[in-house]
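Going by this note's numbering, the sequence shown opens with residue 18, and the numbers climb by one from there. Note that the Cβ used here is the ideal one computed from N, Cα and C, for glycine as well. Every value quoted in this text rests on a predicted model; they were computed, and no experiment measured them.
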Amino acid sequence: MIILNAKQVARRFLLSNAATILLFSVCYGDNI
18 MIILNAKQVA RRFLLSNAAT ILLFSVCYGD NI
């Protein structure tokens, strides 16, 4: 159960990171 929980947390963390990176790239693209 702990391993599955860790995998879910890792997936959420990666998804949130991807979303933030996309937002930053869009913001920088608009600024440039």
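Alpha-carbon spacing of residue i relative to residue j, whole angstroms
{"i": "L21", "j": "N34", "result": "20 Å"}
{"i": "S42", "j": "V26", "result": "24 Å"}
{"i": "C44", "j": "T37", "result": "10 Å"}
{"i": "L32", "j": "L39", "result": "11 Å"}
Chain-order list of residues whose beta-carbon lies under 6 Å from that of residue i (same chain, five-residue window excluded)
{"i": "K24", "result": "none"}
Neighbourhood of residue i by C-beta, 7 Å cutoff - its chain only, sequence neighbours within 5 removed
{"i": "F30", "result": "none"}
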